[in-house]
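End of the sequence shown sits at 159 in numbering that gives the first Met the number 0; the numbers just go up one at a time, nothing left out.
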Amino acid sequence: MTEIPPSPVRIFLVVVDDSSEFSVALAYACRRAGKVGGRVALLYVLEPIEFQNWRAIEELMREERRLDGEQVLQRHAKEVFRLSGTAPVFYLREGERQEELFKLLDEDRSITVLVLAAGSGPEGPGPLLSHFAASGYSRLRIPLTVIPGTLTEEEIEAVS
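Shown next as structure tokens:
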């Protein structure tokens, strides 16, 4: 009898930001990962700073921002573990969010799904979804799951 090799673990990437939609995307990714034996990955991108006058101060500011980013990721890790039963994979990068997302997806082939939640306000679906709609879908090598940003906990459970 031939043994079938186990399928690779599905990794659901969520881009961390301070929007209300982020918590919806995170909850969906966690529940989905929990149901399929997958994991959640969190990408937090620090916007670059341009403090030209004193290099030492720029480095200090960069280090403080990095520590803040690590704290944000650790705070969300508790929620990921609570909802999915596994610890998340962390990615902390500095640069422009869209470009860092594409670089990560090119570099780490273990990521299998990108999960984003659409904004529901007058400003539109959100900067990442707007970018994909304008020109970015062809650059994605993995499925993009878009969740309405207004879903309730019960609705998230039902669709995950």
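The beta-carbon is built from N, C-alpha and C at its ideal position, and this holds for glycine as well.
Per DSSP, V23 lies in no beta strand (DSSP E) segment; the continuous alpha helix (DSSP H) that holds it begins and ends at 19-35. Between the segment 109-117 and the segment 21-37 there are three or more inter-stretch CB-CB distances shorter than 8 Å, so the stretches are counted as touching. Remark: C-beta atoms of G37 and V8 approach each other more closely than 8 Å. Under the Cβ criterion (8 Å, minimum of three pairs), the segment 117-126 counts as touching the segment 139-149. Secondary structure of E62 (DSSP, three-state): helix. V23 counts as buried, since no fewer than 16 other beta carbons sit within 10 angstroms of its beta carbon. If one requires a minimum length of 3 residues, the beta strand (DSSP E) runs lying completely within the segment 95-132 are 112-117, in chain order.
In the same chain as H130, and ignoring 5 residues on each side of it, the C-beta atoms closer than 8 Å to its own belong to Q97, in chain order. Contact between I155 and A26 holds: their C-beta atoms lie close to 5 Å from each other, under 8 Å.
Straight-line measurement puts the Cα of D67 at about 19 Å from the Cα of S19. The beta-carbon separation of L91 and E69, rounded to 6 Å, stays under the 8 Å limit for a contact. Distance from the CA of A132 to the CA of R61, rounded to the nearest whole angstrom, comes to 32 Å. If you draw a straight line from the Cα of V145 to the Cα of L139, it is about 14 Å long.
For E46, there is no enclosing alpha helix (DSSP H), since its DSSP letter is neither H nor E.
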